[in-house]
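J.: Under the numbering used here, residue 93 is the last one in the sequence shown; the count climbs by one each step, no gaps. From the three backbone atoms N, C-alpha and C, an ideal C-beta is built for every residue, glycine too. First, the structure itself, so that you have it in front of you.
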Amino acid sequence: MWKVLFNRALALFAIWTTTVLTLKRRAIEEERLSSVQEAKQLLEETKILRGLIPICASCKKIRDDRGYWNQLESYIEKHSDARFSHGICRECQNKLYGDQDWYTKGKR
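Laid out in structure tokens, this is it:
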């Protein structure tokens, strides 16, 4: 009699273990699919500039695929999600305005 009870208990344990492992596997698979979907979405949203970009050594304009020369800012904005805000560094301020009275007075 104890063998019958032992066998039934063992069978119930095997069924329970199989069920738990199956549910765990499904949860892991769903998590993996979710991660893959998220990675695909992030990859679609990411624009990356790659390869050799022809740039003028003098004015820094960039030649596009059609052979037109574009300002650096407009080329990058067109081919990525980057945006620009402009300012003038101290070195360029001195080059542009260094001999202007209003500029030299303002520096003092």
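Going by C-alpha to C-alpha distance, which of Glu58, Leu37, Cys44 sits closest to Asp94?
T.: The first residue shown for the chain is -14 and the last is 93, placing residue 94 beyond what the model contains.
J.: For Ile47 and Ile40, which I take to be in contact (beta-carbon distance under 8 Å), what is that distance rounded to the nearest angstrom?
T.: The sequence position of residue 47 within the sequence shown is 62, counting from 1. The sequence position of residue 40 within the sequence shown is 55, counting from 1. Ile47 to Ile40, Cβ: 5 Å. Contact.
J.: Which whole-angstrom value describes the C-beta separation of Ala67 and Ile61, a residue pair presumed to lie in contact below a C-beta threshold of 8 Å?
T.: Residue numbering aside, residue 67 sits at position 82 when the sequence shown is read from its first letter. Residue numbering aside, residue 61 sits at position 76 when the sequence shown is read from its first letter. Their Cβ separation, rounded to whole angstroms, is 5 Å, which keeps Ala67 and Ile61 in contact under 8 Å.
J.: What are the residues that DSSP puts in a beta bridge with Arg11?
T.: In the sequence shown, the residue the question calls residue 11 occupies position 26. DSSP output for Arg11 lists no bridge partner at all.
J.: Out of curiosity, what's the CA-to-CA distance linking Ala42 and Ser65?
T.: In the sequence shown, counting from the first residue as 1, residue 42 sits at position 57. In the sequence shown, counting from the first residue as 1, residue 65 sits at position 80. Cα to Cα, the separation comes out at about 22 Å.
J.: According to DSSP, is Arg48 helix, strand or coil?
T.: Position 63 of the sequence shown holds residue 48. In the structure shown, Arg48 sits in a strand (DSSP, three-state: E or B).
J.: By Cβ distance, which residues of its chain are closer than 8 Å to Tyr88, with the 5 residues on each side in sequence left out?
T.: In the sequence shown, the residue the question calls residue 88 occupies position 103. For Tyr88, where only same-chain residues beyond five positions count, the Cβ hits under 8 Å are Gln78, Tyr82.
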